[in-house]
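J.:
There are 2 protein chains.
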Amino acid sequence: MSEAPWIERAEQALAAAGRKRGGARRAVLELLDTQRCALTALELEDALRGRSERAVSRASVYRILQDLEGLGLVQRVETGQAMVRFERVCAPEEHHHHLVCDGCGLVMPFSDPALERAISSLSERVPLKVSEHEIVLHGSCRDCAA
Amino acid sequence: MSEAPWIERAEQALAAAGRKRGGARRAVLELLDTQRCALTALELEDALRGRSERAVSRASVYRILQDLEGLGLVQRVETGQAMVRFERVCAPEEHHHHLVCDGCGLVMPFSDPALERAISSLSERVPLKVSEHEIVLHGSCRDCAA
DNA sequence: CTTAATGCAAACCGTTTGCATTTCA
DNA sequence: TGAAATGCAAACGGTTTGCATTAAG
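Residue numbers (this note's numbering), protein chains in the order written: chain A, -15 to 130; chain B, -15 to 130.
#1: Are the Cβ atoms of Val61/B and Ala22/B separated by less than 8 Å?
#2: Between Ala130/B and chain A, is any beta-carbon pair separated by less than 8 Å?
#3: Considering only residues of the same chain and omitting the five flanking positions on each side of Ala66/B, which have a CB-CB separation below 6 Å?
#4: Which residue marks the beginning of the beta strand (DSSP E) containing Glu14/B, and which one marks its end?
#5: State the Cα-Cα distance for the pair Ala(-6)/B and Gly54/B, rounded to the nearest angstrom.
#6: Along the chain, where does the beta strand (DSSP E) containing Leu121/B start, and where does it finish?
#7: For the structure I just gave you, are there three or more beta carbon pairs, one from the segment 99 to 113 of chain A and one from the segment 92 to 108 of chain B, closer than 8 Å?
#8: Report the residue ranges of all alpha helix (DSSP H) runs contained in full by the segment 74 to 112 of chain A; include only those spanning at least 4 residues, in chain order.
#9: Using Cβ-Cβ distances below 9 Å, what residues of the segment 46 to 57 of chain B are close to chain A?
#10: Secondary structure at Leu49/A, three-state DSSP: helix, strand or coil?
#11: Straight-line CA distance for Ser(-14)/A to Gly56/A?
#12: Starting from Phe70/B, find everything on chain A with Cβ-Cβ shorter than 9 Å and list it in chain order.
#13: For the segment 105 to 114 of chain B and the segment 41 to 55 of chain B, state whether three or more C-beta atom pairs, one from each stretch, are separated by less than 8 Å.
#14: Counting only Cβ pairs nearer than 9 Å, list the residues of chain B close to Arg60/A.
#15: Please list, in chain order, the chain B residues whose beta carbon lies closer than 9 Å to that of Glu118/A.
#16: Beta-carbon within less than 7 Å of Trp(-10)/B's beta-carbon, same chain only, minus the 5 sequence neighbours each way: which residues are those?
#17: List, in chain order, every chain B residue whose beta-carbon is nearer than 9 Å to that of Arg126/A.
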């Protein structure tokens, strides 16, 4: 199941949940599908309005994201910044975490197999049935550290 | 420096920063000092109001926390819940991360040396001068999983 | 037709700020 | 006395909701 392209899995999951298709959600799905890293709702809205893509009202952006999150298609990323970020939940190979520059707000993805091993071994020794994990490294990016 | 009790270091750092002492902040410091894990501003306010402790207005709670965060005495913890949490920054031996039950909102601390090693080795290979990291495991606690 | 999707504007709510007052050094 | 600390209430800003409209199946 996770081999199918994300956007297809998404449409499928939505259909399975008895949802009807709509242009706003389709536009959000398509934009999310092109993104490497987490966006805020506002960034999403602007990206959709700015380009040729279909404009989507802010309320719909939030509703759609919330909805996709509930279906496990999107996950929220908390970076310590004012706004929450969202990104698609992708195949294990693309699983990543985030670097946040506290100076300029830049957010970058990274991944590290050793870290994942540590997390997964840890997850079995902890009093919680772990379903997901989020790791954020804070610091200064190259420009800000200079 | 990190061998001194946290509350003393805090008072010291505040004095060094040219701050004057005050009852509200003192009460917040004392409460934070007794806590094992992160609290929300509201929980702090309630704890101070409820008990015999000195009541502190919500605005002051936030201002004090923000202030302490700026001095590196307190850190914020984002758990994906509505409110941000705060806890004192303690000695390395007490360094920990958080387990969050998405069912009931329970937040528990945990620590894992292997994980810390993975993080610190990773921190040197990443395009960010890492100053801190935050790890949150989400899942279901024993009661909620049952 | 019946239910979901969407937009708009208003409501929410955690957090911050302005301002007047008190307290500390 | 001058600067910091505090409380109160109002302002903020990201997110959510209510309601009327449109569109999918």
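The beta-carbon is built from N, C-alpha and C at its ideal position, and this holds for glycine as well.
Bear in mind the structure is a predicted one, so any value in this text is a computation, not a measurement.
T.: Walking through what the data contain:
#1: The sequence position of residue 61/B within the second sequence is 77, counting from 1. The sequence position of residue 22/B within the second sequence is 38, counting from 1. Their beta carbons are under 8 Å apart, which means Val61/B touches Ala22/B by this criterion.
#2: The sequence position of residue 130/B within the second sequence is 146, counting from 1. It does not: the Cβ of Ala130/B has no partner Cβ on chain A nearer than 8 Å.
#3: By one-based count along the second sequence, residue 66/B stands at place 82. There are no such residues.
#4: As a first step, residue 14/B is located in the second sequence; it is residue number 30 there, counting from the start. Here Glu14/B belongs to no beta strand (DSSP E); instead the alpha helix (DSSP H) covers Gly7 to Thr18.
#5: As a first step, residue -6/B is located in the second sequence; it is residue number 10 there, counting from the start. As a first step, residue 54/B is located in the second sequence; it is residue number 70 there, counting from the start. Roughly 12 Å between the two C-alpha positions.
#6: Along the second sequence, one-based indexing puts residue 121/B at 137. Its beta strand (DSSP E) spans residues Leu112 to Cys125.
#7: yes
#8: 97 to 107
#9: none
#10: What you label residue 49/A is simply residue 65 of the first sequence in a count that begins at 1. Looking at Leu49/A - three-state DSSP - the assignment turns out to be helix.
#11: Residue -14/A sits at position 2 when you count from the first residue of the first sequence. Residue 56/A sits at position 72 when you count from the first residue of the first sequence. With a pLDDT of 47 at Ser(-14)/A, under the threshold of 50, the modelled position of that residue is not reliable, and the figure given next carries that caveat. Taking the straight line from one Cα to the other gives about 12 Å.
#12: In the second sequence, residue 70/B corresponds to position 86, counting from 1. Neighbours of Phe70/B on chain A: none; closest Cβ ~12 Å, over 9 Å.
#13: no
#14: Along the first sequence, read from residue 1 onward, the residue named residue 60/A stands at position 76. Ordered by position in chain B, the residues that pass the 9 Å Cβ test against Arg60/A are Gly64.
#15: By one-based count along the first sequence, residue 118/A stands at place 134. What Glu118/A touches in chain B: Glu62, Gly64, Glu118, Ile119, Val120, Leu121 and His122.
#16: For the purposes of this step, residue -10/B is taken as residue 6 along the second sequence, with counting starting at 1. Cβ within range, chain order: Asp17, Arg72 and Cys74.
#17: Reading the first sequence from its first residue, position 142 is the one you call residue 126/A. Ordered by position in chain B, the residues that pass the 9 Å Cβ test against Arg126/A are Pro111, Leu112 and Lys113.
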